[in-house]
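Engineer: Got a structure for you, questions after.
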Amino acid sequence: MMTKKLTAFNILLTLFFLLICFVTIIPLWKVFVDSLDLRTAYGMKLWPEKFGFDGYVSVFTNPTLYHPFLISVITTAAGTLLGLILSTLGAYVLIQSGMPGRSLLSGVLLFTMIFNGGMIPTYLVINKLGLTNTLWSVILLPGLNVFNIVLMRNFFDSIPKSLFESASIDGCSPFGIFLRIVLPLSKAALAAIGLMFAVSYWNDYTNYKLYIVNSDLYNFQMKLRSIILGSDMPTAVGSATENTVKNAATMVAIIPFMILYPFCQKYFIKGVNIGAVKE
Amino acid sequence: MFMPVLVFAAIFYYAPIFGIRYAFYEYKGIKEPVFIAFKNFEKMFSMQGFRAAFRNTLVLSIVKLLLNTFMAVVLSLLLNEIISLKFKKAAQTIIYLPHFMSWVVTASVFALILSPTQAGLVNSLLTRMGILERGAEIYFLGNKSWWTPVYYIINVWKDTGWGTIIYMATLSSISPELYEAASIDGAGRFQKMGYITLPSLANTIIVVLILNLAKVMNLFESVFVLQNDAVLRQSDVLQTYIYYQTFNSGALPNYGYTTAVGLIKSMVGCILVIACNSASKKVRGSGIV
Chain A
217 MMTKKLTAFN
227 ILLTLFFLLI
237 CFVTIIPLWK
247 VFVDSLDLRT
257 AYGMKLWPEK
267 FGFDGYVSVF
277 TNPTLYHPFL
287 ISVITTAAGT
297 LLGLILSTLG
307 AYVLIQSGMP
317 GRSLLSGVLL
327 FTMIFNGGMI
337 PTYLVINKLG
347 LTNTLWSVIL
357 LPGLNVFNIV
367 LMRNFFDSIP
377 KSLFESASID
387 GCSPFGIFLR
397 IVLPLSKAAL
407 AAIGLMFAVS
417 YWNDYTNYKL
427 YIVNSDLYNF
437 QMKLRSIILG
447 SDMPTAVGSA
457 TENTVKNAAT
467 MVAIIPFMIL
477 YPFCQKYFIK
487 GVNIGAVKE
Chain B
3 MFMPVLVFAA
13 IFYYAPIFGI
23 RYAFYEYKGI
33 KEPVFIAFKN
43 FEKMFSMQGF
53 RAAFRNTLVL
63 SIVKLLLNTF
73 MAVVLSLLLN
83 EIISLKFKKA
93 AQTIIYLPHF
103 MSWVVTASVF
113 ALILSPTQAG
123 LVNSLLTRMG
133 ILERGAEIYF
143 LGNKSWWTPV
153 YYIINVWKDT
163 GWGTIIYMAT
173 LSSISPELYE
183 AASIDGAGRF
193 QKMGYITLPS
203 LANTIIVVLI
213 LNLAKVMNLF
223 ESVFVLQNDA
233 VLRQSDVLQT
243 YIYYQTFNSG
253 ALPNYGYTTA
263 VGLIKSMVGC
273 ILVIACNSAS
283 KKVRGSGIV
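Chains as they are written, first to last, in this note's numbering: chain A, 217 to 495; chain B, 3 to 291.
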């Protein structure tokens with residue numbers, strides 16, 4: 217009796233999660249299918265009726281789309297590197313318990329999590345520095361992320377202090393300890409936090425919207441947005457319709473991440489859990 | 003070693019805080035700022051657009067937060083009951099996925115499937131089921147009464163799965179002995195869920211709620227990419243209000259006025275953080291920051 221009841225529950229549970237997964241994946245699947253379908257009206261077909269790659273060909277043969285893609289790649293790479301440098305340096309200083317002024321420094325950083333100047337004063341500063349309409353604004357501004365410094369500090373805190381002590385007795389400078397002990401022991405945290413930076417740089421839209429007016433400097437998100445809004449359609453090739461091109465462009469924004477995702481999933485989860493330890 | 007971090011903090015965080023003084027100035031585009039004391043604030047509170055944006059910010063982000071948290075907790079409780087590890091892992095992988103889509107991509111995906119023609123999946127489905135007449139397709143993202151529920155649904159789709167991670171981590175730390183002891187005492191599946199699993203999540207739920215309450219005033223990108231002129235009254239939040247008033251008002255950008263709106267936004271946010279922090283101290287014995 218008992219086992220029979222359990223089985224019924226398990227079947228229901230499995231069906232429920234199949235449904236949840238279906239609902240999660242269907243919007244993305246629909247865009248994928250429609251990007252390969254050359255008919256004008258799609259309706260509720262979950263499989264392309266008139267199969268063809270013309271949507272993707274339209275996206276990739278258009279030089280105005282290749283360029284934003286490259287800008288996304290460059291700013292993501294540069295920004296992630298900058299973000300990791302600032303986070304590790306900041307976190308390393310914050311774990312120096314004996315250092316004079318440490319609590320002042322951590323106060324200076326943590327205060328920014330509570331109170332900030334807001335959108336317009338930040339815009340005015342960036343503008344005054346002459347960074348608007350340059351890629352510097354979208355690389356430098358998100359580079360300092362206090363939340364990520366705190367995550368990194370939580371991770372550094374788990375490294376045994378005795379390692380630092382014995383290294384400094386052996387004559388290692390603080391910067392040497394940072395390079396030779398802290399960083400090599402933090403590969404998992406570097407991967408986790410690096411990925412967080414990479415995703416936020418890749419997905420950045422707000423900063424571009426605010427600071428970049430010149431469409432030659434748009435990243436792929438900005439370009440995709442203007443395609444979807446219909447203000448900047450790339451010329452469709454062959455029998456691709458406008459909708460096929462929109463779907464294909466959306467897929468192109470997702471695909472690089474979809475390829476990386478299965479390999480990186482554990483680091484993303486680690487990132488959340490580093491935060492959870494001390495929060 | 004700390005210099006680079008300090009320089010960044012000074013330029014990108016503290017210089018803008020210094021710029022808050024413009025909230026008390028008339029500062030339009032190229033003209034020199036003129037001190038006008040509290041005039042910007044008087045104008046702000048008399049503006050209907052500001053009051054709507056203020057209310058929308060609070061309502062949209064708090065309802066969103068409660069809905070996402072509730073769904074994530076329910077989903078984690080159920081995930082925890084799955085016996086097959088492989089199936090559990092596969093389900094988790096899939097439900098985490100939308101979290102990584104940018105808001106632009108999310109908006110594109112939903113604009114396409116909610117499209118108000120027979121090409122849109124949802125409208126086409128509703129017509130096929132006989133709920134809608136052909137030609138009476140609903141423009142979900144441009145309809146005053148549909149926009150808000152659709153906004154919540156999109157947020158649940160995007161972030162519920164990701165929200166389960168933190169609860170799953172807590173659940174994995176519950177000692178199996180508790181469940182064994184409960185089984186011996188004759189507790190059923192749902193009794194165990196209600197008396198063991200849910201209470202051990204309580205602390206985590208409170209932490210998640212508190213941490214996120216601190217962010218409610220910052221709502222921007224998700225609204226910005228989903229709204230349009232037809233639903234501005236329903237969807238405008240403080241950050242989008244500031245954006246439009248500054249960069250899209252058709253006149254010279256009135257930096258002074260929008261800085262003042264931003265100041266109110268930051269102050270309410272700051273009060274929420276401090277309140278949450280002391281709530282957190284009471285509940286958990288330690289603050290967030």
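Built from N, CA and C at the ideal position, the CB exists for glycine as well.
Going by CA-CA distance only, name the one from 437/A, 390/A, 441/A, 357/A that's closest to residue 377/A.
Structural biologist: Comparing Cα positions, the closest option is 390/A.
Engineer: At the level of alpha carbons, what is the spacing between residue 221/B and residue 273/A?
Structural biologist: Looking at the two C-alpha atoms, the distance is approximately 37 angstroms.
Engineer: Check whether the Cβ atoms of residue 306/A and residue 411/A sit closer than 8 angstroms, and answer yes or no.
Structural biologist: Against a cut-off of 8 angstroms, the Cβ pair of residue 411/A and residue 306/A comes out as no contact.
Engineer: With the cut-off set at 8 angstroms, would you say residue 21/B and residue 341/A are in Cβ contact?
Structural biologist: Cβ distance < 8 angstroms, so residue 21/B and residue 341/A count as in contact.
Engineer: Determine, using beta carbons only, whether residue 148/B comes closer than 8 angstroms to chain A.
Structural biologist: No - not a single Cβ of chain A is within 8 angstroms of the one on residue 148/B.
Engineer: From residue 409/A to residue 400/A, what distance separates their C-alpha atoms?
Structural biologist: Their backbone Cα atoms lie some 15 angstroms apart in a straight line.
Engineer: Kindly indicate if chain B contains any beta-carbon less than 8 angstroms away from that of residue 246/A.
Structural biologist: Taking Cβ atoms only, chain B reaches closer than 8 angstroms to residue 246/A, which makes this a yes.
Engineer: How would you call residue 280/B, buried or exposed, if buried means at least 16 neighbouring beta carbons within 10 angstroms?
Structural biologist: Flag for residue 280/B reads exposed.
Engineer: Looking only at C-alpha atoms, which of 302/A, 294/A, 255/A sits nearest to residue 5/B?
Structural biologist: Nearest C-alpha to residue 5/B: 302/A.
Engineer: Among 42/B, 37/B, 64/B, 145/B, whose alpha-carbon lies nearest the alpha-carbon of residue 228/B?
Structural biologist: When each option's Cα is compared against that of residue 228/B, the closest is 145/B.
Engineer: When you compare only the Cα positions, how much space is there between residue 315/A and residue 416/A?
Structural biologist: Approximately 33 angstroms, taken between the alpha carbons.
Engineer: Using only CA atoms, which one of 253/B, 272/B, 284/B, 271/B lies nearest to residue 31/B?
Structural biologist: Residue 253/B is the option with its Cα nearest to residue 31/B.
Engineer: Taking Cβ positions only, does residue 409/A come closer than 8 angstroms to chain B?
Structural biologist: Chain B, which has no Cβ nearer than 8 angstroms to the Cβ of residue 409/A, makes this no.
Engineer: Here's the rule I'm using: 16 or more other beta-carbon atoms within 10 Å means buried, otherwise exposed. How should residue 25/B be labelled?
Structural biologist: Counting Cβ neighbours within 10 Å, residue 25/B comes out buried, since at least 16 surround it.
Engineer: Beta-carbon separation of residue 264/B and residue 334/A under 8 angstroms?
Structural biologist: Yes, they are a contact pair.
Engineer: Can you pull the chain A residues whose beta carbon is under 9 angstroms from the beta carbon of residue 144/B, in chain order?
Structural biologist: The premise fails here: residue 144/B is roughly 13 angstroms from chain A at the closest Cβ pair, so nothing lies under 9 angstroms.
Engineer: Let me confirm a value: residue 262/B is counted as buried when at least 16 other C-beta atoms fall within 10 Å, else exposed. Which label applies?
Structural biologist: Under this definition residue 262/B is a buried residue.
Engineer: Determine the burial state of residue 223/A: buried for a count of at least 16 other Cβ atoms within 10 Å of its Cβ, exposed for fewer.
Structural biologist: Answer is exposed; the Cβ neighbour count stays below 16.
Engineer: State the Cα-Cα distance for the pair residue 319/A and residue 278/B, rounded to the nearest angstrom.
Structural biologist: For residue 319/A and residue 278/B, the distance between alpha carbons rounds to 22 angstroms.
Engineer: When the Cα of residue 100/B is compared with those of 344/A, 240/A, 383/A, 263/A, which residue comes out closest?
Structural biologist: Residue 100/B has its Cα closest to that of 240/A, out of 344/A, 240/A, 383/A, 263/A.
Engineer: By DSSP's criteria, residue 429/A is part of a beta bridge. Which residues make up the other side?
Structural biologist: For residue 429/A, which the question treats as bridged, DSSP gives no partner whatsoever.
Engineer: Once you ignore the five residues that flank residue 247/B on each side, which residues in its own chain have a CB closer than 6 angstroms to its CB?
Structural biologist: 260, listed in sequence order.
Engineer: When you check each C-beta in the segment 469-490 of chain A against every C-beta of chain B, which residues fall closer than 9 angstroms?
Structural biologist: Within the segment 469-490 of chain A, the qualifying residues are 469, 470, 473, 474, 477, 478, 481, 484, 485, 488, 489.
Engineer: DSSP on residue 285/B, reduced to helix/strand/coil?
Structural biologist: Three-state result, residue 285/B: helix.
Engineer: Determine whether the Cβ of residue 331/A lies closer than 8 angstroms to any Cβ atom of chain D.
Structural biologist: Although the question refers to chain D, the structure presented lacks it and instead comprises the protein chains A and B.
Engineer: Who are the near neighbours of residue 473/A in its chain, counting only those whose CB is closer than 8 angstroms to its CB and skipping five residues on each side?
Structural biologist: These residues qualify, in order along the chain: 415, 418.
Engineer: From residue 350/A to residue 35/B, what does the alpha carbon distance come to, in whole angstroms?
Structural biologist: The straight-line gap from Cα to Cα measures roughly 26 angstroms.
Engineer: Using a threshold of 8 angstroms, state whether the C-beta atoms of residue 328/A and residue 362/A are closer than that.
Structural biologist: Yes, the pair counts as a contact, with Cβ atoms nearer than the cut-off.
Engineer: So which residues of chain A does residue 80/B contact, with C-beta pairs closer than 8 angstroms?
Structural biologist: Those within 8 angstroms of residue 80/B in chain A are 229, 232, 233.
Engineer: Could you list the residues in the segment 396-427 of chain A with a C-beta less than 7 angstroms from some C-beta on chain B, going in chain order?
Structural biologist: Cβ contacts with chain B come from 415, 419, 421, 422.
Engineer: Could you say if the segment 105-125 of chain B and the segment 419-438 of chain A meet the contact criterion of at least three C-beta pairs nearer than 8 angstroms?
Structural biologist: At 8 angstroms Cβ cutoff, the stretches touch.
Engineer: Does the distance from the C-beta atom of residue 466/A to that of residue 253/A stay below 8 angstroms?
Structural biologist: Contact: no.
Engineer: Hey, residue 55/B and residue 231/B: beta-carbon distance below 8 angstroms or not?
Structural biologist: No.
Engineer: Between the alpha carbons of residue 432/A and residue 264/A, how many angstroms are there, rounded?
Structural biologist: Computed Cα separation, rounded: 34 angstroms.
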